[in-house]
Amino acid sequence: MYRAIGFEAILISALMGAYFSLLWISWNVVVPVQAMIFGEVFGILLFLPNGIKILAIYTLGWRGFLYLLPVAVGHFMTLSDWNSNFDELITMAVLSLLAPFVSFNILRWLRVIVPQPMTLRLNWRELLCVGLLSGFLNSILLTIGFDQGLKEVAFITIGDVLGFLVVLLAAMLAMRWMRFARHQSKRGWLALVTWV
Amino acid sequence: MDVTLLKSFAKLRLTLLQMEKEIGLGEISAAESAVICAAALIVDDRGRVELASLMSQEPLAAMSRSTFFRAIKSLGERQLLVKESDSKVSDYILKA
Chain E
586 MYRAIGFEAI LISALMGAYF SLLWISWNVV VPVQAMIFGE VFGILLFLPN GIKILAIYTL
646 GWRGFLYLLP VAVGHFMTLS DWNSNFDELI TMAVLSLLAP FVSFNILRWL RVIVPQPMTL
706 RLNWRELLCV GLLSGFLNSI LLTIGFDQGL KEVAFITIGD VLGFLVVLLA AMLAMRWMRF
766 ARHQSKRGWL ALVTWV
Chain B
6 MDVTLLKSFA KLRLTLLQME KEIGLGEISA AESAVICAAA LIVDDRGRVE LASLMSQEPL
66 AAMSRSTFFR AIKSLGERQL LVKESDSKVS DYILKA
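Same order as they appear, the protein sequences are chains E and B.
So the first sequence is numbered by the numbering used here: it starts at 586 and just counts up by one.
So the second sequence is numbered by the numbering used here: it starts at 6 and just counts up by one.
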């Protein structure tokens, strides 16, 4: 039991750490670069934490939602200078985290995606569709919440989708690297870390 | 780790593995890699590889016939080494 709790704690820390790190990169690397190109724009053209959000919710379901809720709320709180009150910000953080769930169900209802019944596993292309719709819904939510226009909808959608694509590719390459590394050191510490 | 978490990670892993294969980053075995290398050494200007000369290449000489043909079949399925359609002898086209 203690082992399970320990693993859960590591998982939550890893998810939160990844979300925060990518958020830091998005704010401190992407935003300055896009400001040089496009000037002051609402939204981030490569919003990497969106990838963590979608992958965590796809993989862990409601657990992923709960694990990311504190960091998502924290993130929205930091946007408080955008003329919104805290209740609205918390509601928006929750709704933003719900976007992948809603997208998944809309696409399933429209029969665009057909997950395998036992595991609800998706084809990676279907997962991309979820990411695309989720980015769009999220952008609608943010532009309504922060009183922005159509240009911002496009900007945020592109940012969310690109962020998801980059994280999806990075996750694929990381898993590939771990497989090779485990193959190289069958009895080393990597074998323990990369058993998944 | 509880079973639900294990299932969750298995789901993600399978999706990413499928993505890896479909975007062309799937792994090739040591035998397939040896066949590709040997084919690259003897390929002519038109990309054609003769099966007889491929089999006689040094890295493949020690390989069992079943492993060799399994590798050829697998590379064919992945469109890396495809059989020439209008050839009476067994020639292949290297597309890797």
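We put the CB at the ideal spot given by N, CA and C, even for glycine.
In terms of beta-carbon proximity, L633 of chain E stays away from the interface with chain B, with every pair separated by 8 angstroms or more.
Your pair A684 of chain E and L722 of chain E checks out as a contact, with CB atoms roughly 5 angstroms apart and the cut at 8 angstroms.
Residue state for L607 of chain E is assigned as helix, using DSSP reduced to three classes. Nearest Cα to K100 of chain B within the set B:C42, B:E63, B:F14: B:C42. Against chain E, the beta carbon of S61 of chain B has no neighbour under 9 angstroms; the closest one sits roughly 31 angstroms away. Taking CB atoms only, S34 of chain B has no neighbour in chain E less than 8 angstroms away.
Boundaries for R51 of chain B: no alpha helix (DSSP H) harbours it, and the DSSP string shows neither H nor E there. The C-alpha of V738 of chain E lies about 48 angstroms from the C-alpha of S38 of chain B. At a cut-off of 8 angstroms between beta-carbon atoms, F73 of chain B makes no contact with chain E.
In this structure N635 of chain E is in contact with G720 of chain E, their Cβ atoms being roughly 7 angstroms apart against a cut-off of 8 angstroms.
Rounded to the nearest angstrom, the gap between the Cα atoms of S58 of chain B and L30 of chain B is 29 angstroms.
In this structure, M24 of chain B and W762 of chain E do not form a Cβ contact; the two beta carbons are roughly 15 angstroms apart against a cut-off of 8 angstroms. The region 623–633 of chain E makes contact with the region 740–756 of chain E, as at least three CB pairs between them are under 8 angstroms.
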